[in-house]
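Encoded as structure tokens, the structure appears first; notes follow it.
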Amino acid sequence: MNREMNFLAAALAAAMLSACGGGGKQQAATEEPGAATETPVAVLAPDEKYSITGKPQGPVKIDYRIIGTPVVGQPVTIDLKVKSNVGDTPVTLSYETNDSTAMMFAESQQRMVSLAFVDDERTSAQQVTVIPLREGRLFLNVTAHMQTDTGSLQTVVAVPIQVSAAPRELQENGVVTTDESGDLIREMPASND
Amino acid sequence: MDYFYRSLPSSLRLGRAALPAAALLLAACGGGGGDSGPSSVTISGLVEYEFVPPNPNCQGLDFASTVVRPIRGATLQLVDSSNAELATTVSGEDGSYSFPGVDSNRDLRIRVRAELKKTGSPSWDVEVRDNVVDPDDANPPLLSDRPLYAIVSDFNTGNADLIRNLTARTGWDGSSYSETRAAAPFAILDTIYSAMQLVLSVDPDAAFAPLDAFWSINNTSFGTSIDVDSGELTTSFYSRDTDSLFLLGDASVDTEEFDDHVIVHEWGHYFEDNFSRTDSVGGPHGIGDLLDSRLAFGEGWASALAGIALDDPLYCDTGRPGTTDALLALGLEDGFYDPRGWYDEVSVLRFIYDLWDTTDNLIDDQTGNEIVGAEPDNGSIGFGPIYDVMVGPQAFTETFTNIFSFASELRPMLPPGDQAFLDDQLVREDMTPGFDKWGEGELNDASPDGQQSRDVLPLYVNMPVDGTVVNICSNDDYDGAGDGNKLATYRFLRLDVPTTSAYDVRVVTTTADTIPGDDDPNDPRDRSDPDIVIFRDGQPLEAGLSGGADEELFRTGILPGPDTYVADLREFRYADPDSPPDFPNQMCFDVSFTPAP
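Those sequence lines, one after another, are chains A and B. Residues in the first sequence are numbered consecutively from 1, following this note's numbering. Residues in the second sequence are numbered consecutively from 1001, following this note's numbering.
In structure tokens, the structure reads:
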């Protein structure tokens, strides 16, 4: 397993570092800030979930699986599995695209469904069908809604629909330039009062 | 073309060569200096950012209530038209700054960098950067070299002292983000600044390890794989590999810059990783999940720290801007999601938060009257002992880090009255006072209603190292999604090694794993795959992680003794996304440790 091999490598590397007295976090914490070297990692491996700790998710969880290869103009179906940790509290599922020029729903597709949890594990299986209208990495937002004593809670998952090899369209925020040291700076205008 | 020149209206632009000549003409006419003012001036003012609070009960962001807050402790640069730094300073607690002795009548730029830098004691090095790169860039910069956020303002120094106040705006136009989202990086920076103040309040000489916080308007959430280059993150998280925070910013899905509890939560993981120790297995977790005790502690700790650092008992995670979406609204005082216990991150966070907070849950803040039915929380030990145990015993414990190591090490550090208070908090969270760091004495075994739990207690199996075979089981009873990080998936072993020796480790699956309807019984992916890792004081020393079916057999290196080690054992198929759907829910293994000849 890649994950297993990665972990083994990491584990043994950590052990070696520990044995050499050079890898401890406490030691890093006591170094002068300028002296610390940063890990030269450009991209996290896609299966790094065991070295990351994410924010708490709500009590409803959504997993998905895309069936087949998305093609422009052809319906593509997504299997959804929704799990609730909140007893019998009703959960409603809604579907939305954030770009109507990118994707549309199949005519028969309901945009909102009330979920019935039938098994002991409090899970519900759903399907949603969309039709990509252009190439690129498109997103379907799936939101689970539930009411609590203090208001409503949502769990949102953005399902990526990759159509051909065209990349996702990225947005700009400010302008990238360099500072006097040649380091990259993303400059944004300040408001002057 | 120089930036200040480029910013001039086109009607005022001249050829570059014409500028010096124009200046000479102005001087000849008496308009360029001479007796018109001092040769140097002071540029001063405030640097601030807009902060958007949540609506009541975390129901989205309340842009109508946007407030302006100071940018504290940030680096300011004064640069000239050639991008040369003329002066640098650091903003004060109120966002104030001053550049004295600046040449008059010059076109300059103030750059406010989204960074906190301090050497000496205490020390820190925090930067807010953009992780997303151009997909067409074949050689993107290293993560640590990606663009640092800054706000800039161009101006002429004039011939008198000048007050220049700069504000980083949200870019919100009332219905969407239509302008540059300049406030976001500074909101993140200032939230981290607040968290650091909590540590400095009990450890004035703290040395903070370097931290990068990565945020982008392209950082979005989806699925199960992470690509930081494109901003596809799955969620906001802390990466132990890079000592970095990664925060969502996609306004069509979820943004984090004003969810200060979420930012401090992730910073809490940074703290635990760098000031203390975390043995958390990480991975997905939701409110109400029954978690591996190491994960439950790490998550509960991080959320409690958010409430403590911000002095705000309502943990808000708002959703898409412009909606009333609340992704999480968790009252740290009253947010219950049963079942409670040592495997529940909410129980851990309430335990730690209530040890700190001074609010008496039994008394109504507004009326002073007793609240009937409220649960006891009538004391506070302050943050000092919590910090001391985290940077002390918790960082060096021979056990795994969890609520058992934390609470059992904290208790003897407290005076008797506070010990009783701590015990009360444990009882409220359905834990058993008196447990030791190994979890011995804990009675809550997470039994579902009227059912018997499996493979939960004792937390550690006392594993002889003389060749004795012990049968140990792992299950996915609490892991319907196949995350591989829930209660009873990992089993803990305690190894008291009497003498220095290498050991032959043998783990053999004893549960039948031939799956009905299996199309290929010889396919190892359809078979049991036990994994085992041996740790000493949190450091992984030896691992049996092969993909071979039904067994792990290996010889360790020399394990010094006498000493105590721990190991975790699991069925890998419970974390394998390609695991067959009918894979058994419980797998058992014969485990033995035999001194090598």
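Positions of the beta carbon are idealized from the N, C-alpha and C atoms, including for glycine. All of these numbers come straight from a predicted model, not from anything done at the bench.
Short CB-CB distance (under 8 Å) between residue i and chain A
i               : result
residue 1253(B) : yes
residue 1059(B) : yes
residue 1444(B) : no
residue 1299(B) : yes
residue 1218(B) : yes
residue 1289(B) : yes
residue 1282(B) : yes
residue 1387(B) : no
residue 1151(B) : yes
residue 1317(B) : yes
residue 1106(B) : no
Contact with chain B by residue i, beta-carbon distance below 8 Å
i              : result
residue 123(A) : yes
residue 170(A) : yes
residue 90(A)  : no
residue 132(A) : no
residue 190(A) : yes
residue 136(A) : no
residue 82(A)  : no
residue 57(A)  : yes
residue 111(A) : no
residue 139(A) : yes
residue 197(A) : Residue numbering for chain A in the displayed model covers 1 to 193; residue 197(A) lies beyond these limits and cannot be assessed.
residue 158(A) : yes
residue 147(A) : no
residue 154(A) : yes
Integer Cβ distance of residue i from residue j, believed to fall under 8 Å
i               : j               : result
residue 1593(B) : residue 1463(B) : 6 Å
residue 1491(B) : residue 1531(B) : Residue 1491(B) to residue 1531(B), Cβ: 11 Å. No contact.
residue 1233(B) : residue 1242(B) : Not really, about 13 Å apart at Cβ, beyond 8 Å.
residue 93(A)   : residue 126(A)  : 6 Å
residue 1042(B) : residue 1161(B) : 5 Å
residue 1132(B) : residue 1040(B) : With a Cβ gap of about 42 Å, residue 1132(B) and residue 1040(B) do not count as contacting.
residue 1058(B) : residue 1251(B) : Contact doesn't hold; Cβ gap of about 17 Å is too wide.
residue 1284(B) : residue 57(A)   : 7 Å
residue 1208(B) : residue 1052(B) : The Cβ separation is near 27 Å, so there is no contact.
residue 1354(B) : residue 1452(B) : Actually they do not touch by this definition, with Cβ atoms about 31 Å apart.
residue 1589(B) : residue 1509(B) : 6 Å
Proximity below 8 Å, CB of residue i to CB of residue j
i               : j               : result
residue 1300(B) : residue 1345(B) : yes
residue 1186(B) : residue 1168(B) : yes
residue 1111(B) : residue 1157(B) : no
residue 1290(B) : residue 156(A)  : no
residue 1310(B) : residue 1260(B) : yes
residue 1147(B) : residue 1206(B) : no
residue 1505(B) : residue 1583(B) : no
residue 1431(B) : residue 1511(B) : no
residue 1496(B) : residue 1527(B) : no
residue 1150(B) : residue 1114(B) : yes
residue 1248(B) : residue 1213(B) : no
residue 140(A)  : residue 159(A)  : yes
residue 1599(B) : residue 192(A)  : No answer is possible for residue 1599(B): the residues shown for chain B start at 1001 and end at 1597.
residue 1255(B) : residue 188(A)  : no
residue 1087(B) : residue 1276(B) : no
residue 1574(B) : residue 1489(B) : yes
residue 1200(B) : residue 1126(B) : no
residue 1478(B) : residue 1556(B) : no
Chain E residues whose Cβ lies nearer than 7 Å to that of residue i
i              : result
residue 180(A) : Looking for chain E here will not work: the only protein chains present are A and B.
- Inspect the CB distances between the segment 163-175 of chain A and the segment 1065-1076 of chain B and report whether three or more fall short of 8 Å. These segments do not touch.
- Segment contact flag, the segment 1393-1413 of chain B with the segment 1555-1566 of chain B, C-beta cutoff 8 Å, min 3 pairs: The segment 1393-1413 of chain B is in contact with the segment 1555-1566 of chain B.
- Message: With three or more beta-carbon pairs closer than 8 Å as the criterion, would you say the segment 1537-1548 of chain B touches the segment 1480-1489 of chain B?
- Response: No, they do not touch.
- Task: Give, in chain order, every unbroken run of the beta strand (DSSP E) that is at least 3 residues long and sits entirely within the segment 1046-1117 of chain B.
- Result: Counting whole runs of 3 or more residues, the segment 1046-1117 of chain B contains the beta strand (DSSP E) stretches 1067-1070, 1074-1079, 1085-1090, 1096-1103.
- Message: Check whether the segment 1085-1097 of chain B and the segment 1039-1055 of chain B are in contact - that is, three or more C-beta pairs closer than 8 Å.
- Response: These segments touch.
- Message: Taking 8 Å as the cut-off, does the segment 112-132 of chain A touch the segment 1183-1202 of chain B (at least 3 CB pairs, one atom from each stretch)?
- Response: They do not touch, by the three-pair rule.
- Query: Just checking, does the segment 1057-1066 of chain B make contact with the segment 1265-1283 of chain B on the three C-beta pairs under 8 Å criterion?
  - Reply: Counting C-beta pairs with one atom in each stretch, the segment 1057-1066 of chain B and the segment 1265-1283 of chain B have fewer than three that are closer than 8 Å, which means they do not touch.
- Item | Cβ contact (3+ pairs, closer than 8 Å) linking the segment 1316-1330 of chain B and the segment 1406-1414 of chain B | With a cut-off of 8 Å, the segment 1406-1414 of chain B and the segment 1316-1330 of chain B do not count as touching, because too few Cβ pairs lie within range.
- Enumerated in chain order, which unbroken segments of the alpha helix (DSSP H) with a length of 4 residues or greater are wholly contained in the segment 51-136 of chain A? Listed in chain order, there is nothing to give.
- Validate contact between the segment 53-61 of chain A and the segment 81-89 of chain A using beta carbons, cut 8 Å, 3 pairs: Yes, the segment 53-61 of chain A touches the segment 81-89 of chain A.
- Query: Are the segment 1458-1474 of chain B and the segment 1435-1449 of chain B touching, with three or more C-beta to C-beta distances below 8 Å?
  - Reply: Judged by Cβ distances under 8 Å, the segment 1458-1474 of chain B makes contact with the segment 1435-1449 of chain B, as three or more pairs qualify.
- Item | Entirely enclosed alpha helix (DSSP H) segments - the segment 1534-1560 of chain B, minimum 4 residues | For the segment 1534-1560 of chain B, not one full-length alpha helix (DSSP H) segment reaches 4 residues or more.
- Length-filtered (4 minimum) alpha helix (DSSP H) runs lying within the segment 1250-1277 of chain B: Correct list: 1260-1274.
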